[in-house]
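Protein chains in written order, with our numbering: chain H, 1 to 280; chain L, 281 to 539. Even glycine gets a Cβ: it sits at the ideal position worked out from N, Cα and C. All values derive from a computational prediction rather than experimental measurement.
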């Protein structure tokens, strides 16, 4: 309608320069963190040098770098093993978490029965569970997947349940007035309402999944960063342990960022107004 | 004689609770097929409750609620319902919201989409089909919610204060526009509002409700020629009818009302 014309300018944000400035903005935003990190590593190098610390107590960053160059060829297999466990375990956590969340939200009895058990399950430390699982399902991939899934499913269940509960009751009524079945209400309103919550939980799970995998490997494994750490420790190669720590951190961050990007793809409406997306 | 498109007989409802609220106290109402019928009443008098019963979302304590002869009790989906809030689904683009009701009613996706696309122009949404609801203005959101309601393949439309949230100028435009859309569509409309002028401009018949617990205080047939322009509000006949409706509303407000 003619009266709406001025609005076109208002509702279509952004121009071609928008994406560029967004990346520039991100770089600027993380600059202080990078500067601080570099400064801390520099200070570490300096202190090790000045205090003449033994390398089997605390190696200098430069020594860790050398260890990476020296033993780096051993890492890809370990990284692949740990990453596989983390990703597959996260997947299992997501599937299991969503199923539990739907059960809890749609069946009152399930909520009363399952919620306390789920919360209790989180009070058992993964490090205690890992050896038991190895006894039960063996040293292979399965025991690691279970540990990662057990660490990861909890935040997914909790935030997906919250997401499902956050659905607008009036929207549910509207869709029902259109003659939708229970399944239709779930599909058209409840599930989309829960998407942001699900991804919030998945992000937390992703951040913990690599640690979960490492802990599981720690107890017993043929390959993986956990076993790499155990072996390094046994031979007093503290520098190699630090290499493993750095790799674990990078792996966790990569997984977290991947989930974040996935969330953007899966819930484009949440980002519509800062993407410069428009309808004309 | 044709069957009424909407028929309400002796409708009673009380919301239970610590302090039960008696909302509807024997309401009778009828709308002929193709008629535009308005329901005017003070805020909180139970107009929305009545529409919820007709939409099949609420089972009344007593009385009949029929859409084209079928009881709506426990059976949603007989009429196309537009609640007060636009309730656009934020995760669907404009076009996706437009076809929601049609999709649920089982219209094939492509067909619903095609139908929606052909109506975008008339609903002032051309070019915005790929926009997210959060990118639309209040007036556009309301028209999109109306389009969604129109696309539900039902003969009866239940509109709950569709223009309540709009400013006076946009509202006047919408009145003209809704008349055109309705005239070309030939469906029955039950239109809830608390605005007497709005009801007079749009309707073939106006029902006035008393405050809670609601009864029908007055029923007035409106037969001004169509289309009715905004200037109609100063015509003597219009002014007289407005005075009549306002008197009925005020009569309902006094404690000793005559139903």
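Spanning the alpha carbons of residue 340 of chain L and residue 322 of chain L requires a straight line of approximately 21 Å.
The beta carbon of residue 114 of chain H sits closer than 6 Å to the beta carbons of 104 from its chain, once the five residues preceding and following it are set aside; these are given in chain order.
The closest CA to that of residue 465 of chain L, considering only L:352, L:380, L:429 and L:320, is found on L:429. The beta-carbon separation of residue 320 of chain L and residue 513 of chain L, rounded to 15 Å, does not stay under the 8 Å limit for a contact. In the structure shown, residue 487 of chain L falls within a strand segment according to DSSP collapsed to helix, strand and coil. Listed along the chain, the chain L residues whose CB falls inside 8 Å of the CB of residue 143 of chain H amount to none; the nearest CB is some 38 Å away. Considering only beta carbons, the part of the region 170 to 189 of chain H lying closer than 8 Å to chain L consists of 170, 171, 173, 174, 175, 176, 177, 178, 179, 180, 184, 188 and 189, in chain order. Under the three-state reduction of DSSP, residue 472 of chain L is assigned to strand. The shortest C-alpha to C-alpha distance from residue 189 of chain H to any of L:351, L:371, L:285 and L:333 is the one to L:371.
Check the Cα spacing between residue 469 of chain L and each of L:313, L:283 and L:289: the tightest is with L:313. Any Cβ of chain L closer than 8 Å to the Cβ of residue 272 of chain H would place that residue at the interface, and such an atom is present. In its chain, beyond the 5 residues on either side, 292, 493, 494 and 495 have a beta carbon closer than 7 Å to the beta carbon of residue 305 of chain L. Taken through DSSP and simplified to helix, strand or coil, residue 70 of chain H comes out as helix. Across the set L:432, L:431, L:511 and L:404, the C-alpha of L:511 shows the shortest separation from the C-alpha of residue 452 of chain L. Scanning chain H for C-beta atoms nearer than 7 Å to the C-beta of residue 340 of chain L yields nothing, as the closest lies near 16 Å away. When the five nearest sequence neighbours on each side are left out, the beta carbons in the same chain lying within less than 8 Å of the beta carbon of residue 301 of chain L are those of 294, 295 and 492, in order along the chain. By the C-beta density criterion, residue 78 of chain H is buried, having at least 16 other C-beta atoms within 10 angstroms.
Annotated three-state conformation of residue 159 of chain H is helix, per DSSP. Taking 8 Å as the CB threshold, residue 55 of chain H stays off the interface with chain L. DSSP links residue 294 of chain L through a beta bridge to L:302. The C-beta of residue 31 of chain H has fewer than 16 other C-beta atoms within 10 Å across all chains shown, which makes the residue exposed.
DSSP places residue 350 of chain L within a strand segment (E or B) once states are collapsed to three. Here the region 511 to 530 of chain L does not lie against the region 349 to 366 of chain L, with fewer than 3 beta-carbon pairs under 8 Å apart. Residue 462 of chain L does not reach chain H, its nearest Cβ partner there being about 17 Å away, counting only Cβ pairs nearer than 9 Å. Rounded to the nearest angstrom, the Cβ distance from residue 106 of chain H to residue 337 of chain L is 19 Å, too far for a contact under 8 Å. The alpha-carbon of residue 526 of chain L is positioned some 41 Å away from that of residue 412 of chain L. Listed along the chain, the chain L residues whose CB falls inside 9 Å of the CB of residue 192 of chain H are 369, 370, 371 and 372. Identification of chain L residues near residue 65 of chain H by a Cβ-Cβ cut-off of 7 Å yields none; the smallest Cβ-Cβ distance measures about 47 Å. Across the structure, residue 505 of chain L and residue 462 of chain L are spaced so that their CA atoms are roughly 15 Å apart. Under the 10 Å beta carbon count, residue 172 of chain H is surrounded by 16 or more other beta carbons and is classified as buried.
Counting along the chain, the unbroken beta strand (DSSP E) around residue 440 of chain L starts and ends at 436 to 440. Between residue 498 of chain L and residue 528 of chain L, the gap from beta carbon to beta carbon is short of 8 Å. By the Cβ rule, the region 198 to 205 of chain H does not count as touching the region 225 to 236 of chain H, because fewer than three pairs are nearer than 8 Å. Straight through space, the alpha carbons of residue 101 of chain H and residue 359 of chain L are spaced by roughly 33 Å. Under the Cβ distance rule, residue 456 of chain L does not count among the residues neighbouring chain H, no pair being separated by less than 8 Å. Between residue 342 of chain L and residue 438 of chain L, the CB-CB gap reaches or exceeds 8 Å.
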